[in-house]
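J.: Residues 5 to 139 in this note's numbering are what the sequence shown spells out, letter by letter. Positions of the beta carbon are idealized from the N, C-alpha and C atoms, including for glycine. Bear in mind that the values here come from a model prediction, so they are computed numbers and not experimental data.
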Amino acid sequence: MRRNVSGIFVVMTAGMLSLACSDKGQQREVDGMSLSVFSRPAVFEVGSNAEITATLQRNGKPAGDCSLRVRQYMPGMEMGADAAWHTMEPDRSAGKFRATTGEFSMGGDWELEFAIECGEVTRKAAFRYTLEWPE
């Protein structure tokens, strides 16, 4: 008896891709640029860092000619590291970047602000997160 294994493989692969892509990412559109941000863990935790992956596109295509910087801060709560911008490392794929955040020291409202630098033009996009205090 011969089975169509390739059909099963396609269904299994599509299922695995949908699971991998269902991460709680956020997206912003800024002056024709699309910035998608994903984190691991998907929900930030007090006392830990997070791995950030960002994908930058222009007109639906990877924007490999741009660079990306990120800073994290709590709006309304001044901290010493608020002004510290960190350059994100380009991934092997054009338009993809990676960075590790600093420690999230307390619960409350946080922002990750990204500076998208393409030539002489800098655009900014902010992503808000709320961290719960551990019980």
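Assuming Arg-62 and Gly-36 make a contact with CB atoms under 8 Å, what is their CB distance in whole Å?
T.: 6 Å
J.: Three Cβ pairs or more, each shorter than 8 Å: is that satisfied between the segment 93-104 and the segment 64-77?
T.: Contact holds: three or more Cβ-Cβ distances are below 8 Å.
J.: Excluding five sequence neighbours on each side, which residues of the same chain lie with their C-beta closer than 6 Å to the C-beta of Val-47?
T.: none
J.: Exposed or buried, which one is Trp-114 when buried takes at least 16 other CB atoms within 10 Å?
T.: buried
J.: According to DSSP, simplified to helix, strand and coil, what is Gly-36?
T.: Three-state result, Gly-36: coil.
J.: In the segment 63-133, which residue ranges form an unbroken beta strand (DSSP E) of at least 3 residues, counting only runs that do not cross its ends?
T.: Complete beta strand (DSSP E) runs here, min 3: 71-77, 100-104 and 112-122.
J.: Judging by CA-CA distance, which residue of Asn-53, Pro-94 and Gly-80 is the nearest neighbour of Arg-73?
T.: Pro-94
J.: What does the alpha-carbon distance come out to for the pair Ala-130 and Leu-116?
T.: 6 Å
J.: I need the DSSP call for Val-41, collapsed to helix, strand or coil.
T.: strand
J.: Just the Cα atoms here: how many angstroms apart are Glu-82 and Pro-138?
T.: 22 Å
J.: According to the Cβ coordinates, are Ile-56 and Val-41 closer than 8 Å?
T.: yes
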